Structures are given as C-alpha cells and as structure tokens.
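Engineer: Per the numbering used here, residue 7 is the first one in the sequence shown, and the count goes up by one each step.
Heads up, the beta-carbon is just placed ideally off N, CA and C, and yes, glycines get one too.
Keep in mind it's a predicted model, so treat the numbers as computed, not measured.
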Amino acid sequence: MIVVLKKGTPVDEINRISQELKHVWRVTVEKSVGEHTIVLGIIGDTSTIDTLQVQELSQWIQQVLRVQQSFKRVSREFRYGEASEIVVPTPNGRVYFGEHHPIVVVAGPCSVENEEMIVETAKRVKVAGAKFLRGGAYKPRTSPYAFQGHGESALELLATAREVTGLGIITEVMDTADLAAVARVADIIQVGARNMHNFSLLKKVGAQDKPVLLKRGMSATIDEWLMAAEYIMASGNSNVILCERGIRTFDAKYARNTLDLSVIPVLRSLTHLPIMIDPSHGTGKSEYVAPMAMAAIAAGADALMIEVHPNPARALSDGPQSLTPERFDRLTQEMSLIGKVVGRWSQPALVTSV
Ligand code: PEP
Ligand code: MN
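1) Considering residue 205, what are the terminal residues of the beta strand (DSSP E) in which it resides?
2) According to DSSP, is residue 81 helix, strand or coil?
3) By Cβ distance, which residues of its chain are closer than 6 Å to residue 96, with the 5 residues on each side in sequence left out?
4) Since residue 340 is in the beta strand (DSSP E), which residue starts that stretch and which ends it?
5) Is it right to say residue 39 is buried, meaning 16 or more other beta carbons lie within 10 angstroms of its own, or is it exposed?
6) Just mark residue 113 as buried or exposed, buried being the case when its beta carbon has 16 or more other beta carbons within 10 Å.
7) Short of 8 Å in beta carbon distance, which residues of its chain neighbour residue 212, apart from the five on each side in sequence? Order them along the chain.
8) Hey, is residue 336 close to the ligand PEP, as in C-beta under 7 Å from one of its heavy atoms?
9) Any idea what DSSP makes of residue 182, helix, strand or coil?
10) Go ahead and label residue 151 buried or exposed: buried means 16 or more other beta carbons lie within 10 angstroms of its beta carbon, across all protein chains shown.
11) To the nearest angstrom, how far is it from the Cα of residue 58 to the Cα of residue 86?
12) On a Cα-Cα basis, can you pick out the residue from 81, 46, 306, 21 that is closest to residue 103?
13) With distances taken Cα to Cα, identify the nearest neighbour of residue 365 among 47, 130, 14.
14) Within 7 Å: the Cβ of residue 266 and any heavy atom of the ligand MN?
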C-alpha cells in the first residue's frame with residue numbers, strides 16, 4: 007500500500023502520519039521523495055487496513071493505493087510511477103543512473119590480470135567516455151581449473167586504477183566473506199548471474215551502503231529477478247541497478263546467450279530501478295557486441311556494461327567477447343549517435359584526456 011502526499015506537505019505532518027500508520031496498523035513505513043510527490047510506502051500486513059480510514063488521517067493525503075505486485079519496494083507502483091535515480095559518488099564526480107539521465111557506460115576487462123593491463127585499460131575507457139571501470143577479482147568460472155581471479159590483490163589493483171583515472175569501480179562479490187574487502191574498493195558491488203538466487207548474499211549486500219548491480223540469473227524469470235532485488239531493498243539498500251546479461255534459451259550455437267532486450271520496456275513498466283544491459287556476456291562474441299549495445303540504447307537502457315581487454319586473444323577469461331580498446335573507441339562514437347537521437351548522451355566521445 008502507498009500513501010501519496012500532496013506536494014509541499016510539511017515535514018512535521020509527514021512524520022505525524024508515519025507515526026500514526028506505524029502505531030495503529032503496526033506496519034513499516036518508508037518515505038520516498040520523488041520529483042513530483044512524496045510517497046509513504048507501507049510494508050507489512052495491509053490486508054486489514056481500510057484505505058478510507060488512512061485517507062482521513064490528514065488533509066495532506068492525496069491518495070491511498072494498494073500495490074498489486076508481489077514485489078513491493080522494487081515496484082513502480084510503490085513510487086507512484088516515478089523512476090528512481092541512483093547517485094554514485096566517484097573521484098571524478100557524481101554519476102547518476104536513471105531514466106532521466108544520460109546513459110552511463112561501464113567498461114573494462116572480465117578479470118583484473120595485472121597492474122599494467124588494468125591501469126592501461128582504465129585510461130583508455132575513460133578517454134572514450136566510460137564513467138566506471140569494471141573488472142573481476144573473484145571470478146565465477148564454470149571449471150574449477152579455469153582462472154579464478156586474483157582475489158584481494160586484484161582489489162588493490164582496482165584501487166590503483168581508480169586513483170590514477172578517477173573512474174568508479176564495479177567489481178563482483180561471490181562470497182559474503184569477501185564483502186567487506188570488496189566494499190572498500192568498489193563504488194558499486196556486482197552480484198553476478200550465478201549468485202542472483204543466493205539469498206544470504208543478497209541480504210548481506212542489502213545491509214551495507216554501497217550501491218548494488220544485480221545481474222539477472224541466466225535462467226531467472228523477471229519476477230524472480232525482481233524478487234532478488236526486493237531482498238536487497240528489504241534489507242535496507244535501495245540503490246539497486248538491474249543488469250540484463252543474456253539468458254539460456256534453446257539455441258546457444260551462435261551466441262553464448264540470448265540477450266533479452268525486451269526486458270527494457272517490461273522492467274520500465276514494472277519497476278522504478280535503473281536498467282543496465284551487458285551485451286558482452288549477452289552474446290559471448292565481440293562481433294555481436296556493438297549492434298546489441300546500440301539496440302539497447304535505442305530500446306531505452308539506462309546504462310551499458312562492455313568488456314574491453316588490451317589483448318583479447320590472451321585474456322584469462324572471456325577473451326572472445328572482449329573488445330580491443332580501439333574497437334571500444336569506435337563503439338562509443340557509434341553509441342553516441344544513437345544516444346543523441348534518444349536524448350540520452352552526454353559523454354564527449356574521445357575528446358577528454360586522462
Ligand atoms: C562478469 O561480469 O564478468 C560476469 C561473470 O558476469 P555474469 O555474472 O553475468 O556471468
Ligand atoms: Mn566476463
């Protein structure tokens with residue numbers, strides 16, 4: 007249930023209404039301040055609450071509505087239709103994720119391999135317009151014999167790349183035991199596709215302050231994905247970005263996954279959270295990355311994640327889907343054309359320097 011307050015409702019009155027709701031109906035009340043409205047979201051057993059009785063609590067109440075979706079905090083209804091904006095401070099300044107902001111580009115290698123490659127890649131993607139450097143320290147690999155990531159030492163290399171370039175860092179946490187170390191370096195913590203259903207990890211990332219990038223499980227339905235986001239929000243962290251990275255379908259002969267771009271309009275209607283698209287894992291082949299990146303922008307994505315490696319042929323993970331820095335330079339120029347058409351591009355492609 008949500009209680010929509012009129013614009014200009016005095017703070018004292020907001021607090022009084024919240025207290026009354028908590029006291030009378032024993033529910034949790036969460037305030038969200040949007041551009042046009044103030045919404046009090048009510049969590050708990052609302053089945054016995056009479057909406058008319060709530061309406062009578064104050065002249066400042068514009069409307070009382072029941073949330074129909076089973077996911078509450080992530081649902082668009084819970085924010086009375088307004089998109090949320092996620093603000094991430096980075097050394098280079100604040101970066102905004104959301105439907106009313108320019109598209110945010112995240113780029114970098116699949117894994118952090120050594121200092122030179124991560125710093126060089128960071129410099130290159132920054133010049134091309136990326137706002138975040140991605141790179142895995144802990145890698146979820148199908149084979150236990152494949153490169154597993156350099157772990158904590160790779161986190162230090164990410165911190166170096168952050169210091170040199172000022173880019174924000176996105177890196178994955180696989181295990182709750184590593185969360186504190188990852189959170190010290192990451193500006194956004196990634197929960198990977200394989201861990202989307204790891205509820206204890208979701209609760210832990212929800213109980214800390216860094217924003218969370220939640221990738222869609224490779225066979226997760228949209229409802230399951232949104233419920234995973236609900237776990238994070240229910241634990242106290244409302245800064246969640248959803249990332250589509252391709253799902254398993256019947257045909258994986260040509261592309262590694264099926265990049266489900268239809269989630270963009272679907273999520274837009276269901277949730278207020280920002281939407282990122284990862285065409286690298288989504289296709290698994292570098293030659294398919296650019297067309298899908300541009301399609302994602304045309305379809306309304308809020309952010310993109312692209313794997314870039316200085317020498318993809320020698321990458322320790324995901325080389326076949328990684329772009330060279332040169333190809334990434336060209337891609338950002340190509341993306342800027344579509345981005346400008348949809349009014350969502352502000353990065354000057356290839357005009358700034360490190
Ligand atoms: C990654 O981002 O490198 C990664 C492992 O992604 P996913 O969880 O989508 O497979
Ligand atoms: Mn990868």
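Structural biologist: Per the coordinate set shown:
1) No beta strand (DSSP E) holds residue 205; the alpha helix (DSSP H) holding it covers 205-212.
2) strand
3) 174, 193
4) Note, residue 340: premise wrong, no beta strand (DSSP E); alpha helix (DSSP H) at 331-347.
5) exposed
6) buried
7) 218, 237, 238, 239, 240, 241, 242, 243
8) no
9) helix
10) exposed
11) 18 Å
12) 306
13) One cannot answer for residue 365 here, as it falls past the ends of the chain, which runs 7 to 360.
14) no
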